[in-house]
Amino acid sequence: MFRKTPLAWLQVTREKTRLAVAIAGIAFADLLIFIQMGFEGALYDSAVKPHRSLQADLVLINPQFQTLFSVKSFSRERLYQTLSYEGVNSVSPLYIATGQWQNPETRISRAILVWGVDPASPVFKFPEVNQNLDQLKLLNQVLYDRAGRPEYGNISDRFKQTGTVETELNDKIISVKGLFTNGSSFAADGNVITSDSTFLQLFPDRQPDQIEVGLIDLKPGVDVEQVRSQLAANLPKDVRVLTPEGFAEVEKNYWASGTGIGFIFGLGVGVGFIVGIVIVYQILYSDVSDHLPEYATLKAMGYTNLYLLGVLTQEALILAISGFIPAFILSFGLYQVTYAATLLPVAMTIERAITVLLLTIVMCSVSGAIAMRKLSSADPADVFS
């Protein structure tokens with residue numbers, strides 16, 4: 012590419028139509044990979060965002076816990092037992108369940124994730140939640156996730172206009188007294204936060220001493236991992252002690268391996284990679300076949316197969332970069348369209364862009380190496396006989 016005669020560049024650009032087809036094919040394969048990776052990233056990011064938003068040093072959960080979509084409870088007594096351990100400052104119980112939210116405009120009900128908290132103890136890192144905890148001290152008052160699906164109703168705008176919105180949750184009248192932003196996920200299309208007292212009224216079958224998550228706040232300067240290990244070793248085995256990040260990993264692992272969704276997205280990336288290999292191979296193989304006499308002449312002049320492989324590799328790199336650029340640009344637009352339609356956090360990241368670029372280079376390099384078999388089997392004597 013950088014020699015006085017850029018053979019690879021001249022070969023690639025000689026036939027403009029073939030070049031355009033190759034770039035379009037690689038861009039399509041890259042776009043497929045971008046979309047699958049974007050969906051996979053949105054799946055994990057949206058699923059673990061509530062976990063990472065918890066204001067706690069340690070988290071207590073049921074050992075059978077897998078996902079917030081089907082959460083397992085445990086005895087609240089286990090949480091209070093942790094107060095006897097050195098380094099533990101305070102604890103907060105957290106109730107989680109799925110309720111039926113009624114759209115105040117259409118009167119259609121839709122499942123929504125309900126979080127029951129102690130209004131006297133901040134449990135989330137959301138500033139808007141902590142500023143409005145006093146509103147939850149009264150019964151039947153909730154904070155609504157403005158990033159929920161629009162099927163729940165135009166709650167955010169109505170709240171800004173009137174300062175309150177009344178609707179039904181589990182067939183009980185509730186009032187929206189504040190907004191916060193979390194976002195929908197593959198498991199929950201929206202969230203509401205209410206007091207533990209209101210939560211137990213909304214779910215009368217629930218026992219007050221059975222909670223879903225226990226939040227543990229440690230004293231300043233305490234070694235978190237040391238306390239976690241101590242609690243894990245001494246508490247009964249009907250609870251599990253994790254950091255908030257470890258709690259998030261449990262949820263992420265569920266979606267990655269406990270469901271078919273993670274496999275499907277991974278399969279999509281693999282399919283895109285294979286499609287790219289096939290497309291580039293066809294282009295390079297056709298190029299070698301069409302210019303076999305010229306390549307044979309180079310071999311007769313003393314150029315080695317290694318040199319010719321370098322030329323094909325350069326052609327593959329040119330095609331890789333040329334196809335990656337439009338795919339990278341188009342993916343931005345598709346990510347925005349996807350976010351507008353689903354409200355899932357689909358966004359481009361530097362790590363994803365670098366990963367797809369490397370995959371594209373590998374994809375094109377493999378194709379070049381396979382196409383090289385056509386060259387290595389060519390005998391100059393046979394070509395000119």
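Per our numbering, the sequence shown starts with residue 12, numbered consecutively.
The beta-carbon is built from N, C-alpha and C at its ideal position, and this holds for glycine as well.
Taking buried to mean at least 16 other C-beta atoms within 10 Å of its own C-beta, is residue i buried or exposed?
| i | result |
| --- | --- |
| residue 326 | buried |
| residue 21 | exposed |
| residue 240 | exposed |
| residue 53 | buried |
| residue 140 | buried |
| residue 274 | exposed |
| residue 48 | buried |
| residue 42 | buried |
| residue 164 | buried |
| residue 271 | exposed |
| residue 334 | buried |
| residue 113 | buried |
| residue 131 | exposed |
| residue 206 | buried |
In terms of residues, what are the limits of the alpha helix (DSSP H) holding residue i?
| i | result |
| --- | --- |
| residue 283 | 271-301 |
| residue 240 | 235-245 |
| residue 195 | That residue, residue 195, is in no alpha helix (DSSP H); it is neither H nor E in DSSP. |
| residue 90 | 87-92 |
| residue 139 | 138-142 |
Please state whether DSSP places residue i in a helix, a strand or coil.
| i | result |
| --- | --- |
| residue 104 | strand |
| residue 174 | coil |
| residue 127 | strand |
| residue 119 | coil |
| residue 202 | strand |
| residue 223 | coil |
| residue 56 | helix |
| residue 26 | coil |
| residue 251 | strand |
| residue 168 | helix |
| residue 97 | coil |
| residue 216 | coil |
| residue 357 | coil |
| residue 325 | helix |
| residue 82 | coil |
| residue 228 | strand |
| residue 187 | strand |
| residue 110 | strand |
| residue 149 | coil |
| residue 39 | helix |
Roughly how many whole angstroms lie between the Cα atoms of residue i and residue j?
| i | j | result |
| --- | --- | --- |
| residue 232 | residue 40 | 50 angstroms |
| residue 179 | residue 204 | 14 angstroms |
| residue 438 | residue 188 | The structure shown has nothing for residue 438, since the chain only spans 12 to 396. |
| residue 293 | residue 364 | 25 angstroms |
| residue 384 | residue 295 | 11 angstroms |
| residue 244 | residue 82 | 23 angstroms |
| residue 26 | residue 265 | 50 angstroms |
| residue 126 | residue 144 | 13 angstroms |
| residue 148 | residue 279 | 48 angstroms |
| residue 142 | residue 291 | 57 angstroms |
| residue 235 | residue 63 | 16 angstroms |
| residue 299 | residue 306 | 8 angstroms |
| residue 99 | residue 250 | 17 angstroms |
| residue 198 | residue 124 | 9 angstroms |
| residue 12 | residue 161 | With a pLDDT of 45 at residue 12, under the threshold of 50, the modelled position of this residue cannot be trusted; read the value that follows with caution. C-alpha separation (whole angstroms): 53 angstroms. |
| residue 106 | residue 277 | 33 angstroms |
| residue 159 | residue 202 | 7 angstroms |
| residue 370 | residue 318 | 24 angstroms |
| residue 311 | residue 44 | 42 angstroms |
| residue 121 | residue 61 | 20 angstroms |
What residue from the options has the CA that sits closest to residue i's CA?
| i | options | result |
| --- | --- | --- |
| residue 194 | 350, 377, 369 | 350 |
| residue 87 | 217, 324, 202 | 217 |
| residue 59 | 278, 257, 290 | 257 |
| residue 214 | 268, 162, 151, 176 | 151 |
| residue 261 | 72, 309, 170 | 72 |
| residue 353 | 29, 57, 43 | 57 |
| residue 166 | 192, 146, 183, 379 | 192 |
| residue 5 | 85, 172, 102 | Residue 5 lies beyond the range of the chain shown here (12 to 396); nothing can be said about it. |
| residue 230 | 31, 96, 122, 377 | 96 |
| residue 155 | 185, 301, 134, 131 | 185 |
| residue 134 | 227, 288, 377, 357 | 227 |
| residue 331 | 28, 32, 38 | 38 |
| residue 85 | 339, 345, 104 | 104 |
| residue 35 | 146, 286, 211 | 286 |
What residue range is occupied by the uninterrupted beta strand (DSSP E) comprising residue i?
| i | result |
| --- | --- |
| residue 156 | 152-156 |
| residue 70 | 69-72 |
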